[in-house]
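All remarks here apply to the structure that follows.
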Amino acid sequence: MVSAPRLTGEDVLFVLSFSGRTSYLISNIEIAKKAGARIVSISPGGSVVASLADGSINLNAYRASTHPLIVPTGRAPMYVMLDVLFALVARKCEADTL
Numbered sequence: 001m002v003s004a005p006r007l008t009g010e011d012v013l014f015v016l017s018f019s020g021r022t023s024y025l026i027s028n029i030e031i032a033k034k035a036g037a038r039i040v041s042i043s044p045g046g047s048v049v050a051s052l053a054d055g056s057i058n059l060n061a062y063r064a065s066t067h068p069l070i071v072p073t074g075r076a077p078m079y080v081m082l083d084v085l086f087a088l089v090a091r092k093c094e095a096d097t098l
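Residue numbers (full-length UniProt numbering): 1 to 98.
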């Protein structure tokens with residue numbers, strides 16, 4: 001969750017959206033943009049979330065299932081991308097402190 005009204009022009013909101021159409025995320029993105037924050041998303045290309053973001057990594061892995069025992073596994077690529085991004089940011093921060 002995010003406290004979008006507290007964001008400023010110096011902040012970046014990083015949004016993960018599996019469907020690209022989650023209403024509370026869209027509301028928070030709109031509030032953050034009005035506050036001047038930059039938005040980066042990992043979401044399906046062409047989705048509402050991707051179109052609102054200043055930068056987007058398109059990940060079209062959304063799968064729906066109506067069967068109660070079948071859980072789509074399409075989220076794994078999103079988690080891998082997130083792990084790689086955080087590792088790169090950590091490496092950059094470490095290099096900046098040396």
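Where is the CB? At the ideal position from N, CA and C, for every residue including glycine.
Treat the numbers as computed from the prediction; the structure is a model and nothing was measured.
When C-alpha distances from residue 31 are compared across 21, 76, 44, 8, the shortest belongs to 8. The Cβ atoms of residue 78 and residue 90 do not sit closer than 8 Å to each other. Bounds of the alpha helix (DSSP H) holding residue 28 are 23-34. Within the same chain, Cβ atoms closer than 8 Å to the Cβ of residue 47 are found at 17, 19, 20, 21, the five residues on either side in sequence being excluded. In the DSSP assignment, residue 88 falls within the unbroken alpha helix (DSSP H) covering 76-97. With a contact defined as Cβ atoms closer than 8 Å, residue 13 and residue 37 qualify at about 5 Å. Counted as a single uninterrupted DSSP element, the beta strand (DSSP E) harbouring residue 56 occupies residues 55-58.
Distance from the CA atom of residue 44 to the CA atom of residue 59, rounded to whole angstroms, is 5 Å.
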